[in-house]
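Asks:
Protein chains in written order, with our numbering: chain E, 29 to 408; chain W, 11 to 265.
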């Protein structure tokens, strides 16, 4: 991949943005110049800001007829050479799943920001949840990998949107930023640095765009109109894109490679943050907005002298299995608060040898610090 | 297909993917003939298709950039590619089920937006690849694998639909009208904006054998007999128009 350091599109300094606005600015900073979307609460502010700000940067914005058209049109634009994204919420994310699977098997780099709301169904459109995490991993049929990030602040809505574009370009994979309503609508101060680190897809004329002998498993990616006479198909295909719909070996190789190219690099993809872990008897494992409440709670409990720590997952997929395994072998208890029925707790239980205590809330409200403090106190 | 058109095919393509008697081979030939007559450069073209038999006309056969997409979504993919890079001469080739049923919403919205695309809809009036199920374009009474006693619903008039959505160029011809079809495809590639050509094609494997067209040629004969020009249609009484398919170029208010 090629790495560049470019000037930020906004003047460096501090801004007071909502999370959804920060996503739009992060995308523009990362070089996103195509956006297709469909209105949905609680994510529409990203599309609204893009529709205005793209005029400043010569981007192409189109409001499509539905979320299916949105994801499909960004895939088309990416193959025409764009960095592209869409933002949505649960019902729209569901509609996009077939397209996400198509992007995975055609190794199309793109970014989807899912501002999660209370589901299932139409649920509570203006209320918070983090119920789409499994959908980010398993939503489309077949075996594939996506990368899913979990921001906890407006700053991270900006930073992780940039990270998402860079990861997409590095690994030629769809990347989901799994925001939550509470972050999308939160307004707080964030900083824009003078420069941004940007990665671009590799181009190599004549090289097969769907196969490589390189260990990393990531082929170069040309664009339409470059004379490569590309064959892009969602059907099983060989290294040059020729359909091979009944060849067992080609199918096995393709599926193995698109999975391994992510799993092999999980050490460099996965990001976590640790607070007070060294002597902790109970570790809170949290992500997204709940990690914010958790940090507040853990800080408070530490002031009381309680041996409590926090592990924050900034990356949900690929899952931080080795880190969880390691932590689970040194601490006594892992406490996992989530705004769903235990989507990440199940993953943690696969890898942690210690006791795993769930705390699940699906009432459309954030989990407040005092709730976590009360629960953890009872466990000590 | 004329040997002179083989230069537009990928060298590794050795045979047609279509059943014996399928009309899509004729259409493939006519599209390439139109491209040849216009002297378009394949390096500047992008062919987008969905899922189904007609989606295999360009992919992998045409020696150009080809994007073989999800079922029904070809126009949405093409919209993204075209509006991001307007230099790509973009043609969508797909079937009636793909473009008009599962993809009907994208069809009307691309026409409404007047995206500069050429859309060729190969209409064989049935779902061929999946085994001959009824389509939104099957005639009333058609026997299919899901209407064994005959289709009870009216078919779409695709040209009226797309015209109503605002497309500046709409035409309908049958594969039995090759010269008119070449001219229509050429026009659809030349005009600015959304151009739609409905091509009546034949599916002897799935439609013909269930509907008493015993030979592939019988289906072509049926198309020849039922396709009439707009001018001919004007001379006929409404009852004489029963079962006829009006072909030609259409503008708003006359289709």
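Glycine included, each C-beta is placed from N, C-alpha and C at the ideal position.
Can you give the Cα-Cα distance for residue 251 (chain W) and residue 242 (chain W), rounded to whole angstroms?
Replies: 10 angstroms
Asks: Quick one: does residue 116 (chain W) have its CB under 9 angstroms from some CB of chain E?
Replies: yes
Asks: Let me confirm a value: residue 316 (chain E) is counted as buried when at least 16 other C-beta atoms fall within 10 Å, else exposed. Which label applies?
Replies: buried
Asks: Taking the C-alpha atoms as reference points, what is the distance between residue 265 (chain W) and residue 99 (chain W)?
Replies: Its pLDDT being 47, under 50, residue 265 (chain W) is placed unreliably in this model, and the value from its coordinates should be taken loosely. Those two C-alpha atoms are separated by around 27 angstroms.
Asks: Pick out whichever of E:357, E:391, E:367 has its Cα sitting closest to the Cα of residue 377 (chain E).
Replies: Per the Cα distances, E:357.
Asks: Got a sec: which bits of the region 252-275 of chain E sit with their beta carbon under 8 angstroms from any beta carbon on chain W, in order along the chain?
Replies: 252, 253, 255, 256, 257, 258, 259, 260, 261, 262, 263, 269, 270, 271
Asks: Would you identify the three-state DSSP class for residue 367 (chain E), choosing helix, strand or coil?
Replies: coil
Asks: Can you list, in chain order, the residues of the region 70-94 of chain E whose Cβ is nearer than 8 angstroms to any Cβ on chain W?
Replies: Answer set for the region 70-94 of chain E: 88, 90, 92, 93, 94.
Asks: By Cβ distance below 8 angstroms, which residues in the same chain neighbour residue 291 (chain E) in space, the five residues on each side in sequence not counted?
Replies: 173, 346
Asks: So that I know if they touch, is there some Cβ in chain W lying closer than 9 angstroms to that of residue 108 (chain E)?
Replies: yes
Asks: At a CB-CB cut-off below 9 angstroms, which residues of chain E make contact with residue 89 (chain W)?
Replies: 64, 90, 92, 97, 100, 101, 104, 105
Asks: Cβ closer than 7 angstroms: which chain A residues qualify as neighbours of residue 69 (chain W)?
Replies: Within the model displayed, chain A is absent; protein chains E and W are what it includes.
Asks: If we cut at 9 angstroms on Cβ distances, does residue 34 (chain W) have a partner in chain E?
Replies: no
Asks: Using the Cβ count rule (16 or more neighbours within 10 Å means buried), how would you classify residue 148 (chain E)?
Replies: Residue environment analysis places residue 148 (chain E) among the exposed positions, since fewer than 16 neighbouring C-beta atoms fall within 10 angstroms of its C-beta.
Asks: Could you tell me whether the region 113-129 of chain W touches the region 82-102 of chain W, where touching means 3 or more Cβ pairs closer than 8 angstroms?
Replies: yes
Asks: Considering residue 228 (chain E), what are the terminal residues of the beta strand (DSSP E) in which it resides?
Replies: 223-228
Asks: Using a Cβ-Cβ cutoff of less than 6 angstroms, which residues in the same chain neighbour residue 301 (chain E) once the five nearest sequence positions on both sides are dropped?
Replies: 340
Asks: Between residue 68 (chain E) and residue 78 (chain E), what straight-line distance do the alpha-carbon atoms span, to the nearest angstrom?
Replies: 15 angstroms
Asks: Strictly under 9 angstroms for the Cβ-Cβ distance: is residue 265 (chain W) near chain E by that measure?
Replies: Any reading at residue 265 (chain W) needs caution, since the residue's pLDDT is 47, under 50, leaving its predicted position unreliable; the model's value is listed next. At a cut-off of 9 angstroms between C-beta atoms, residue 265 (chain W) does not count as an interface residue with respect to chain E.
Asks: Are the C-beta atoms of residue 61 (chain E) and some chain W residue less than 9 angstroms apart?
Replies: yes
Asks: Under a Cβ-count criterion, where at least 16 other Cβ atoms within 10 Å of its own Cβ denotes burial, should residue 154 (chain E) be classed as buried or exposed?
Replies: exposed
Asks: Measure from the C-beta of residue 170 (chain E) to each C-beta in chain W and report whether the shortest distance is under 9 angstroms.
Replies: no
Asks: Interface residues of chain W around residue 234 (chain E) at Cβ under 7 angstroms?
Replies: Under the 7 angstroms cutoff, chain W gives no residues; its nearest Cβ is about 14 angstroms from residue 234 (chain E).
Asks: Out of E:355, E:371, E:405, E:281, which one is the CA nearest neighbour of residue 335 (chain E)?
Replies: Ranking the options by Cα distance to residue 335 (chain E), first place goes to E:405.
Asks: Could you give the distance in angstroms between the alpha-carbon of residue 279 (chain E) and the alpha-carbon of residue 133 (chain E)?
Replies: 11 angstroms
Asks: Is there a C-beta anywhere in chain E that falls below 9 angstroms from the one on residue 53 (chain W)?
Replies: Yes, residue 53 (chain W) counts as interfacial toward chain E.
Asks: Kindly identify the DSSP beta-bridge partner or partners of residue 259 (chain W).
Replies: W:181
Asks: So residue 55 (chain E) packs on residue 114 (chain E), CB below 8 angstroms; how close in whole Å?
Replies: In fact, because the Cβ distance is near 10 angstroms, the residues do not count as touching under 8 angstroms.
Asks: Which full runs of the alpha helix (DSSP H) of 4+ residues lie inside the region 74-132 of chain W, going along the chain?
Replies: 84-94, 114-123
Asks: Are residue 22 (chain W) and residue 70 (chain W) closer than 9 angstroms when you measure CB to CB?
Replies: yes
Asks: Mind listing the chain E neighbours of residue 94 (chain W)? Cutoff is C-beta to C-beta under 8 angstroms, in chain order.
Replies: Scanning chain E for C-beta atoms nearer than 8 angstroms to the C-beta of residue 94 (chain W) yields 61, 62, 88, 104, 105, 108, 109, 110, 112, reported in chain order.
Asks: For residue 163 (chain E) and residue 204 (chain W), I'd like the C-alpha separation in whole angstroms.
Replies: Approximately 36 angstroms between the Cα atoms of the pair.
Asks: Taking residue 124 (chain E) and residue 96 (chain E) to be in contact with their CB atoms under 8 angstroms, please state how far apart those CB atoms are, rounded to whole angstroms.
Replies: 7 angstroms
Asks: Which residues in chain W have a C-beta closer than 8 angstroms to the C-beta of residue 208 (chain E)? List them in chain order.
Replies: Ordered by position in chain W, no residue passes the 8 angstroms Cβ test against residue 208 (chain E), which lies about 28 angstroms from the chain.
Asks: If you draw a straight line from the C-alpha of residue 171 (chain E) to the C-alpha of residue 128 (chain E), how long is it?
Replies: 12 angstroms
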